[in-house]
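Asks: According to our numbering, the sequence shown is numbered sequentially starting from 3.
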Amino acid sequence: MTARSHGAGGGTRCDAAARHGHHTLRRALFLGAFFSIAATAVTVLAIMALTWRAEERRGAHRRQVRADGVVEYCYADVDMHVPWRGALATGAAVLVVWGITGALARRVARPLSQLAEVARRIGAGDLRARPVRAPSGLVEVHALAEALGDMAERIEKQIADQRALLAGVSHELRTPLGHLRILVDTQRERPSPATLDQIEREVIEMDALVGTLLAQARLDFSVAERRDVDLVALAKRGLERAGLDAALLRAPAELKVAADPTLLLGALGNLLDNAAAHGGGARAIVVQAIEGGARLAVEDQGPGIPQADRAKVFEPFFHRGAAGSLGLGLHLVRRIAVAHGGGAFVEDRAGGGARVGFTVRG
């Protein structure tokens, strides 16, 4: 089928994972500095307490009897100072500070070094590299490791999807290009307006495929620009663009959602194209409110979609036997829905046919 080209939206969240990682690293370093300063302060207080205790013990109480028989108690200064005591206390305190600071530094630096090595491996193309759970008990370090692992998994999946897409595109382009070669040769030998018309149709199909690929790329590397959108008014625009009767719309008077209107209009166009190419044409467009969002579906007049194929129809270039390839249209519908916090679905229509649509949240 021919898929509509449309604006940017969706995309991966690797930048968010990176920002989370930087924030976690800053927190870990802050905690390291905090505990180091705290250990130093405790040590200084301990030295002061030892010094005060030593000074206190330099004096002693004495009892003496005067000539008149009166007993007196007095405090006499007795030099009980031990020269090496202060040096010993200071040295012990320094060793304690060094030990605490060194242990804390190793506790933070070792797992961070491991994470840095994993990041370098991912950057070098080893997409299977994953951080091993570090022995560090710091929650921030574990959070950073999880964020890096999630980012690596998303990158690996995205590249795998792009490779599968490229393989599908290569296959899909091979057929019209072969037709074009034959038609061009035919036109050279026997010029004909009918042959030119066929060439034009093949070029239009390839142009539509290229446009769909551009839309796919924009979904990969952009973010949906959400704003308040009346989904009912948008459905009316979609019917008008497809040259269909507005009476096909079954919807409330108005239904506002936070969405990218260009993306949703493109998704609706793809649903209508799919119904026209594989479902005998659109029978109705149904717009409904759901909890936390809305759903839009196109009901067709075809034989329906078998249960076993319903998840596969949203895969790129899925072939349904004699129906041929579904192209990228429904695949983009699902990606647009996911970019809006929703999903795509296939249902049976009462009375026969299929109901294919998507949901949006927000």
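Beta carbons are placed, not taken as given, at the ideal position from N, Cα and C, and that holds for glycine.
Computed from a predicted structure; not experimentally measured.
Quick one: grab the DSSP three-state call for L129.
Replies: Coil.
Asks: So for L257, helix, strand or coil by DSSP?
Replies: Residue state, collapsed to three classes: coil.
Asks: Quick one: give me the first and last residue of the beta strand (DSSP E) that A235 is part of.
Replies: Careful: A235 lies outside any beta strand (DSSP E), inside the alpha helix (DSSP H) at 233-243.
Asks: Checking the sheet assignment: what are the DSSP bridge partners for L274?
Replies: Answer is none; L274 lacks a bridge partner.
Asks: Pull up the DSSP beta-bridge partners for T361, would you.
Replies: Answer by DSSP bridge pairing, in chain order: R297.
Asks: In the DSSP assignment, what are the bridge partners of Q290?
Replies: Partner(s): R297.
Asks: When burial is assigned at 16 or more other CB atoms within 10 Å of the CB, is P133 buried or exposed?
Replies: Buried, by the Cβ-count rule.
Asks: Taking 7 Å as the cut-off, is the C-beta of R312 nearer than that to any heavy atom in the ligand MG?
Replies: By its list of ligands, the structure shown contains no ligand whatsoever, and the ligand MG lies outside what it can speak to.
Asks: I'd like the span of the alpha helix (DSSP H) that includes A341, first residue to last.
Replies: Looking at the DSSP string, the run of the alpha helix (DSSP H) that includes A341 is 331-341.
Asks: Are at least three pairs of beta-carbons, each pair with one atom in the segment 188-197 and one in the segment 332-347, less than 8 Å apart?
Replies: The segment 188-197, when compared against the segment 332-347, does not touch it at the 8 Å Cβ threshold.
Asks: Tell whether a beta-carbon distance below 8 Å holds between A269 and L179.
Replies: Cβ distance not < 8 Å, so A269 and L179 don't count as in contact.
Asks: In the DSSP assignment, find the beta strand (DSSP E) that holds A346 and state where it starts and stops.
Replies: That run of the beta strand (DSSP E) goes 346-350.
Asks: Among the candidates V171, I201, A169, whose CA atom is the shortest distance from the CA of R183?
Replies: Ranking V171, I201, A169 by Cα distance to R183 puts I201 first.
Asks: Among E256, R229, G331, which has the Cα closest to the Cα of G364?
Replies: When each option's Cα is compared against that of G364, the closest is R229.
Asks: Can you give the Cα-Cα distance for G2 and A131, rounded to whole angstroms?
Replies: As shown, the chain starts at 3 and ends at 364. That puts residue 2 outside it, with no answer to give.
Asks: According to DSSP, simplified to helix, strand and coil, what is L215?
Replies: Residue state, collapsed to three classes: helix.
Asks: Buried or exposed: which applies to G331, given that a residue is buried once 16 or more other Cβ atoms fall within 10 Å of its Cβ?
Replies: When all chains shown are included, G331 counts as buried.
Asks: By DSSP, does L427 sit in helix, in strand, or in coil?
Replies: Given a span of 3 to 364 for the chain in the structure shown, any question on residue 427 remains unanswerable.
Asks: With burial defined as no fewer than 16 other Cβ atoms inside 10 Å of the residue's Cβ, what is the status of T177: buried or exposed?
Replies: Classification of T177: exposed, given that the 10 Å Cβ count is below 16.
Asks: For P263, I'd like the list of residues in its chain whose CB is within less than 7 Å of its CB, leaving aside the five on either flank, ordered along the chain.
Replies: Excluding sequence neighbours, P263 sits near V231, L236.
Asks: According to DSSP, is A279 part of a helix, a strand, or is it coil?
Replies: The answer is helix: DSSP assigns A279 an H, G or I state.
Asks: Could you work out which residue in L114, I206, A166, A121 is closest to E142 when comparing CA atoms only?
Replies: Nearest of L114, I206, A166, A121 to E142, Cα basis: L114.
Asks: For H280, which of E293, D302, G295 has the nearest alpha-carbon?
Replies: Looking at the Cα atoms, D302 is the closest of the given residues.
Asks: Among the residues of its own chain, which have a CB less than 6 Å from the CB of A260, if the five just before and after it don't count?
Replies: For A260, where only same-chain residues beyond five positions count, the Cβ hits under 6 Å are R228, G364.
Asks: For G294, tell me which candidate among P305, T361, T214 has the shortest Cα-Cα distance.
Replies: Here the closest residue by C-alpha is T361.
Asks: To the nearest angstrom, how far is the alpha carbon of A253 from that of Q309?
Replies: Distance between the alpha carbons of A253 and Q309 is about 27 Å.
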